[in-house]
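A.B. asks: Sending over a structure as structure tokens; questions will come in a sec.
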Amino acid sequence: MSLEELKKKCEACQRCSLAQTRTNCVFGVGSEKATLMFVGEAPGEKEDLSGIPFVGRAGQLLDKFLEAVDISRDEVYIANILKCRPPKNRDPLPEEEEQCIDYLREQVAIINPKIIVCLGRISAMKLIKPDFKITQEHGTWFKKGNYLMTAVYHPAALLRDPRKKEDMLLDMQKIKEKLSEE
Ligand code: URA
14 MSLEELKKKC EACQRCSLAQ TRTNCVFGVG SEKATLMFVG EAPGEKEDLS
64 GIPFVGRAGQ LLDKFLEAVD ISRDEVYIAN ILKCRPPKNR DPLPEEEEQC
114 IDYLREQVAI INPKIIVCLG RISAMKLIKP DFKITQEHGT WFKKGNYLMT
164 AVYHPAALLR DPRKKEDMLL DMQKIKEKLS EE
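Each number in the numbering used here corresponds to the 1-based position in the sequence shown with 13 added.
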């Protein structure tokens, strides 16, 4: 299946109750050939309205960190664990994650990136390990199947606590270095 076909399937999805409250399904954006993929938690209000991940305040901050390490948004792929916004941005429910995760698995299989970066704790707990500790383990590398994985602070956490921005920059620099190693 192509990414475009998968997107169509996702847009028609009725697997969980978020289908009733979403404005748009937020499938993912970026290059089908991306070697670097970012995975956040779930769409927020701006994302639900636009259908594009990470376009709100947190997304704008993510863009700044990409720019800081000279990576353009067009060359990466950005998606979320959940494709639909949970009401009032509550945490995803385990059953919503279970219903939705196959879309992400298929996205990863089609894109086949070298590196997957989890944005925040919820994504890291789902994709790297259930007991992932973001404060201690951000920037650490994990090998999972064909993929190199790491997690960084969620940009929304950086908005709440700007002292974390220093660590974020160091982690992004490590990711940039790893990307250029063959
Ligand atoms: N937060 C996320 O985790 N994902 C988005 O797309 C926007 C905000």
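Each residue gets a CB set at the ideal place from its N, CA and C atoms; glycine is no exception. Note that the structure is predicted; figures quoted are calculated from it, not measured.
So residue 169 is in the beta strand (DSSP E); what residue range does that whole segment cover?
C.D. replies: Taken as a continuous stretch (DSSP letters only), residue 169 belongs to no beta strand (DSSP E), being part of the alpha helix (DSSP H) at 168-173.
A.B. asks: Fully enclosed by the stretch 66-150, which alpha helix (DSSP H) runs are 4 residues long or longer?
C.D. replies: 70-81, 107-124, 134-140, 147-150
A.B. asks: Would a C-beta distance cut-off of 9 Å place residue 116 and residue 40 closer than the cut-off?
C.D. replies: Closer than 9 Å, so yes.
A.B. asks: CA-CA distance, residue 176 and residue 166?
C.D. replies: 11 Å
A.B. asks: State the start and end residues of the unbroken alpha helix (DSSP H) segment that holds residue 153.
C.D. replies: Looking at the DSSP string, residue 153 is not in any alpha helix (DSSP H), and its letter there is neither H nor E.
A.B. asks: Please report the straight-line C-alpha distance between residue 182 and residue 190, rounded to a whole angstrom.
C.D. replies: 12 Å
A.B. asks: Identify every residue that forms a DSSP beta bridge with residue 42.
C.D. replies: 91
A.B. asks: Return the residue from the list 112, 16, 29 that minimises the CA-CA distance to residue 47.
C.D. replies: 16
A.B. asks: Contact defined as beta carbons within less than 8 Å: I believe residue 119 pairs with residue 185. What is the distance between those atoms, to the nearest angstrom?
C.D. replies: Going by Cβ atoms, the distance from residue 119 to residue 185 rounds to 27 Å, so no, they are not a contact pair.
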